[in-house]
Structures are given as structure tokens and as C-alpha cells.
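*Asks:* Heads up, the sequence shown is in the working numbering, so the first residue is 2 and it goes up one at a time.
A single structure is presented below for examination.
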Amino acid sequence: MRIGIIGAGAVGTGMGILLRRRGYTIAGVASRTPASARRAAERLACPAFEGAVDVARRADVVFITTSDQAIGQVAASVAAQGGFRPGQTVIHMSGSLTSAVLDPARQAGALALSLHPLQSCADADRAVANLPGSVFSLEGDREALPLGKRLVTELGGEYFLISPEAKPLYHAAACVASNYLVSLIDLSRRLMQAAGMEPEMAARALAPLIKGTLDNIDEKGIPQALTGPIARGDFGTVRDHLKAMETTVPELGELYRALGRYTAGLAGRKGSIDARKVALFGQILAAKFETASRRAGLRGKAGQ
2 MRIGIIGAGA VGTGMGILLR RRGYTIAGVA SRTPASARRA AERLACPAFE
52 GAVDVARRAD VVFITTSDQA IGQVAASVAA QGGFRPGQTV IHMSGSLTSA
102 VLDPARQAGA LALSLHPLQS CADADRAVAN LPGSVFSLEG DREALPLGKR
152 LVTELGGEYF LISPEAKPLY HAAACVASNY LVSLIDLSRR LMQAAGMEPE
202 MAARALAPLI KGTLDNIDEK GIPQALTGPI ARGDFGTVRD HLKAMETTVP
252 ELGELYRALG RYTAGLAGRK GSIDARKVAL FGQILAAKFE TASRRAGLRG
302 KAGQ
């Protein structure tokens, strides 16, 4: 089975390396820039082509692993040049897009499949390390699903079938677990720096805490892994957090309050605080409550 790769980024190159190791023939690679295509071709021991259509014509399975915005454009361009044919399977690995973006390939007689790994791949080497054993979502033509299942199984992963309508929620969940986790850790580091810790030390100091929390989640699950002042019903500590942030980093307060309100609900599900305390935390952490408190304080000062 000859594999063609259009888009020589982290996922495309990493997937090519993994499939080549498992006995697949890489028929060729093309990318937006000739230099990136050549770099990927060196690692894949295959030809590099300037045109995506040249890759598609040589392949039984075509991976379009460009940016999400370019997948539809590439599919339409290759189809217009006669690059797709019956008997081919065309695959994209986007989490947000459905297989409908590959309709130009379908119209040429090829099968279309969306195969997305729930994994973060910062570069090709991380893709090679992280993709095996991951969970993949599959969506597309019924006749293409056996190939998708086979590829996932050969990577030692798991798969589940997803409907096109569910893709946005699925992708939002993935963004929260991956992208927003990076943002959350950045928020923690900024608060540490505001408390006087050097950036390099903040990174070192928080890493064991983050790892320990993930270990607790693995061991105890959610919500039982939840700890901290909200889980204990410690209103005073949360008020102190808000006051300190208002003084030093007020721009971070809104996000902290939103996360705190969600955490209060989670603590309620855990059973460590009752419904009354969940509601009280909601009041303390509400932006309008904070604004009202500040206005009341200003009026008090004005009357003194």
C-alpha cells in the first residue's frame, strides 16, 4: 500500500515515519515550501514533489496533513488536476473538520476519512513518540473505516467513531485538555512571578505539583482528586487570593474567578462542600459581586 503525504508538518512527517516503520511504502511527499518537502523526504526515504497532485497520483492512500484552512483548497486543487481516482482513500487528520472537506476527492471516486489523534505533537519527533498508543476519532465513508481502524491498531492505539455533528464539541474538549492546559500553567507561572519568584524557578517549582496532580487524577479520578481551598470550603483564603490579584495583577482576576466558579461546582460533585457553600463561592467569585464590593468600598471612603 503506497502512502502519499501532502503537508510536511509535525503530524504528516511523524505519521509517515511511523507507517514506514510498519512496512508501508511512502510514495512521495509535497509541502507548501520545497525545503520542508525535502526535509521530510530525507526522513521518509521517499521522493519530494513540488505539486500535491504528483504525490496523489502515485499513492493508494493520500494523507492531507496541511493546516486546517488549506485542506479543502488542496483537495479541490488535486481533484481539478485529476489526482484522485476510484480505489484511493484520502485522509485528513484535523480534529475540527469533518470528512466533508474532502468532498472533491469523493466526487472523483475516492473514499474520504477523518482520522484525528487526541495527542499534542509539537514537532515530528514528538509525533513519533506520542502518536502510538493514543486514542483516535474516525469519521467518514463506511468503506474507509476498516482502513482507519487498521492504521490505529497498527499504531497500538484505540479508536472511536464520531458523528460529523459532534466534531466541534470533541475538538473543544481536546483544546481544553491541551491548549488551555498550557494557558493555565502560564497563568500559574505569572502569579508565581507576581509573588516574587524568578521565571526559571517558577517553572521548576510548579512541574512536580502539576505531575502530582495528574498522578492523583490517574489514581483517584475526577472529582476525587480535587484538593485546595474551594474543595475545603475555605472562603477566607479565596477572598485573600482575589484581593491580592486585584492589587498586583488585576488582569488575571477574571480568569481566576471563572475557574473558581467551575471548581466550586466540581467540589459540590465531590461532596466536600454542600450546595449552600457552592452558592456562596459563586457569589464571592462573581465578577459583579467583586465590582459591587469595590464600589461600596469607594463610597465608604468618600464618606469618611
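All residues carry an ideal CB built from backbone N, CA and C; glycine is no exception.
Report buried or exposed for Lys244, applying the criterion of at least 16 other Cβ atoms within 10 angstroms of its Cβ.
*Replies:* By the 10 Å Cβ count, Lys244 comes out exposed.
*Asks:* Excluding the 5 residues preceding and the 5 following Ala204 in the sequence, name in chain order all residues of the same chain whose CB lies nearer than 7 Å to its CB.
*Replies:* Once the five neighbours on either side are set aside, the close Cβ partners of Ala204 are Arg190.
*Asks:* Ile211 to Leu185, Cα distance in whole Å?
*Replies:* Taking the straight line joining both Cα atoms gives about 11 Å.
*Asks:* Does DSSP put Gly13 in a helix, a strand or coil?
*Replies:* Here Gly13 sits in helix by DSSP.
*Asks:* How would you label Ile223, buried or exposed, when you count the other beta carbons within 10 angstroms and need 16 or more for buried?
*Replies:* Ile223 is exposed by the Cβ-count criterion.
*Asks:* Ordered along the chain, which non-local residues of its own chain (more than five positions away) have a Cβ less than 8 Å from that of Val279?
*Replies:* Ala265, Gly266, Ala268, Gly269, listed in sequence order.
*Asks:* Report the rounded CA-to-CA distance for Asn217 versus Ala226, giving the unit in angstroms.
*Replies:* The alpha-carbon atoms of Asn217 and Ala226 are separated by roughly 5 Å.
*Asks:* Relative to the C-alpha of Leu98, which residue among Glu252, Glu166, Met16 is closest?
*Replies:* Among Glu252, Glu166, Met16, the Cα nearest to that of Leu98 belongs to Glu166.
*Asks:* So is Gly24 buried or exposed if we call it buried at 16+ other beta carbons inside 10 Å?
*Replies:* Gly24 comes out exposed.
*Asks:* Does DSSP put Pro118 in a helix, a strand or coil?
*Replies:* Reduced to three states, the DSSP call for Pro118 is strand.
*Asks:* Would you list, in sequence order, the uninterrupted beta strand (DSSP E) runs of no fewer than 3 residues that lie entirely inside the segment 155-182?
*Replies:* Taking only runs of at least 3 residues, the beta strand (DSSP E) segments lying wholly in the segment 155-182 are 159-162.
*Asks:* To the nearest whole angstrom, what separates the beta carbons of Gln89 and Ala111, a pair I think is in contact under 8 Å?
*Replies:* Right, the Cβ-Cβ distance comes to about 4 Å (below 8 Å), so this counts as a contact.
*Asks:* Using 8 Å as the Cβ pair cut-off and three pairs as the minimum, do the segment 129-145 and the segment 112-121 touch?
*Replies:* Yes: at least three Cβ pairs fall under 8 Å.
*Asks:* Does the segment 116-134 touch the segment 11-19, meaning 3 or more C-beta pairs lie closer than 8 Å?
*Replies:* Yes, since at least three Cβ pairs between the segment 11-19 and the segment 116-134 fall closer than 8 Å, the two stretches touch.
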